[in-house]
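Accompanying notes for the structure given below.
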DNA sequence: CTAAGAATTAGAGCGCGCTCTAAGTCAATG
DNA sequence: CATTGACTTAGAGCGCGCTCTAATTCTTAG
């Protein structure tokens, strides 16, 4: 079969992942991403696999994992299959922290909702029938 | 009635709110908190009302509201009751952002969970009967 | 009365995660 | 074959939210 695997320039990769080109280079520089493939010109070419990994890393970042911890996780990936238990442990710990973060945010969500209702009551409005009037 | 309203030193306030004394002074300096009462010696004394406000601000901070936006909200509070609609609007907008943040985090939570299960499958383990063995 | 420990201030410093700059190379179009 | 614009690098800069420092004053225990 002809291996015309689609490849992406850094700008295309940036658009597909929502991570800026600057940041993609930065991630590579700090060893978070392995050196990616290059065109003969020296320009970076991202594969689907690269994109998938970047999306996974984005998922970790947006859930609050520090860059250092992500670097550690990537080091485990590079070290081979015998680190899979360690990777599971790292992800499970992170998921645990995320669970607590979600619980906290939900409590704060309630508090904010209560404050809104309190203010609405002060205005003599009924919370559920409030219609935003134009000023 | 004797007004012996309980007051707290800055360290006590820090312990009750989980915000460091350094940060409490910082918040006051940048006008996020109004100047708090003082003992004759010049030391700060926090009332229950102060504590409550700090807790509310903590709630906004921990849900990702920038300091600038919190300063704006406090300015509305100082400006009087006619700003209540604006305060409602600010809080409602923040709650909307928080809703989206929660949705994103839940999606990421799922992705992380899937990754964990994937790794566990690689180890030939059954996800729900995994028992953490000592190493 | 002394000494320890908590409070005060203004301002400097820091860790994080980008984000941008400058100087240069390369690719594609008319 | 010149121009436009994307790409390259190493390194500087930045915005945020604290966090700490230094020099000083106040409170409290012995």
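Chains as they are written, first to last, in my numbering: chain V, 8 to 142; chain W, 8 to 142. For every residue, glycine included, the Cβ atom is placed at its ideal position computed from N, Cα and C.
Using the Cα positions of residue 81(V) and residue 111(V), report the straight-line distance between them to the nearest angstrom.
-> Working through the first chain from its first residue, we reach residue 81(V) at position 74. Working through the first chain from its first residue, we reach residue 111(V) at position 104. In a straight line, the C-alpha of residue 81(V) is about 29 Å away from that of residue 111(V).
The segment 55–80 of chain W: which residues have C-beta closer than 8 Å to a C-beta of chain V, in chain order?
-> 63, 66, 67, 69, 70
Using the DSSP secondary-structure output, state which residues sit across from residue 33(V) in a beta bridge.
-> In the first chain, the residue the question calls residue 33(V) occupies position 26. Paired residue(s): none; residue 33(V) is not in a bridge.
Contact set between the segment 115–135 of chain V and chain W, restricted to residues whose Cβ is under 8 Å from the partner = 115, 116, 118, 119, 120, 122, 123, 126, 127, 129, 130
Please decide whether residue 86(V) counts as near chain W, where near means a Cβ-Cβ distance under 8 Å.
-> Translated into positions along the first chain, residue 86(V) becomes position 79. No, no contact with chain W.
Sorted by chain position, which residues of the same chain lie with C-beta nearer than 8 Å to residue 71(V)'s C-beta, five sequence neighbours on each side aside?
-> The count along the first chain starts at 1 and reaches residue 71(V) at position 64. Taken in chain order, the residues that qualify are 104, 105, 108.
Please confirm if the segment 86–94 of chain W is in contact with the segment 31–40 of chain V, defined as three or more CB-CB distances below 8 Å between the two stretches.
-> no
Inter-residue spacing [alpha-carbon to alpha-carbon] between residue 113(W) and residue 45(W) | For the purposes of this step, residue 113(W) is identified with residue 106 of the second chain, where counting begins at 1. For the purposes of this step, residue 45(W) is identified with residue 38 of the second chain, where counting begins at 1. Residue 113(W) and residue 45(W): Cα-Cα distance of roughly 45 Å.
Let me know if residue 75(W) comes out buried or exposed under the rule of 16 or more other beta-carbons within 10 Å of its beta-carbon.
-> Along the second chain, one-based indexing puts residue 75(W) at 68. Exposed.
Name, in chain order, the residues that DSSP records as bridge partners for residue 44(V).
-> Counting from 1 along the first chain, the entry for residue 44(V) is found at position 37. Bridge partners of residue 44(V): 52(V).
The segment 87–103 of chain V: which residues have C-beta closer than 9 Å to a C-beta of chain W, in chain order?
-> 88, 91, 92, 94, 95, 96, 98, 99, 101, 102
Touching by the beta-carbon criterion (3+ pairs, under 8 Å), the segment 121–130 of chain W and the segment 15–33 of chain W = no
Residue 29(V) beta carbon less than 8 Å from that of residue 66(W) | Against the second chain, residue 66(W) aligns to sequence position 59. Against the first chain, residue 29(V) aligns to sequence position 22. Taking 8 Å as the Cβ cut-off, residue 66(W) and residue 29(V) do not qualify as a contacting pair.
In chain V, which residues lie less than 9 Å from residue 83(W) when you measure between Cβ atoms?
-> Here the question's residue 83(W) lines up with position 76 in the second chain. Result: empty, since nearest Cβ-Cβ is about 11 Å, beyond 9 Å.
Please look up how many angstroms separate the CB atoms of residue 123(W) and residue 102(V), rounded, as I've assumed it's under 8 Å.
-> Translated into positions along the second chain, residue 123(W) becomes position 116. Translated into positions along the first chain, residue 102(V) becomes position 95. With 8 Å as the limit, residue 123(W) and residue 102(V) qualify as a contact, their Cβ atoms being about 7 Å apart.
Hey, would you say residue 119(V) sits closer than 8 Å to residue 98(W), going by beta carbons?
-> The residue labelled residue 119(V) in the question sits at position 112 within the first chain. The residue labelled residue 98(W) in the question sits at position 91 within the second chain. For residue 119(V) and residue 98(W), yes; Cβs fall inside 8 Å.
Selection from 31(W), 25(W), 41(W), 51(W) that minimises the alpha carbon distance to residue 14(W) | As a position in the second chain, residue 14(W) is number 7, starting the count at 1. It is 51(W) whose Cα lies nearest to the Cα of residue 14(W).
So residue 24(W) packs on residue 55(W), CB below 8 Å; how close in whole Å?
-> Here residue 24(W) corresponds to residue number 17 of the second chain, with the count starting at 1. Here residue 55(W) corresponds to residue number 48 of the second chain, with the count starting at 1. Residue 24(W) to residue 55(W), Cβ: 12 Å. No contact.
Length of the line joining the Cα atoms of residue 142(V) and residue 94(W) | Counted from its first residue, the first chain places residue 142(V) at position 135. Counted from its first residue, the second chain places residue 94(W) at position 87. Because the pLDDT at residue 142(V) is just 43, under 50, the model does not fix this residue reliably, and the point stays unresolved.
If we ignore side chains and look at the alpha-carbon of each, how far apart do residue 4(V) and residue 100(V) end up?
-> Chain V is shown from 8 up to 142; residue 4(V) falls before or after that span and cannot be answered.
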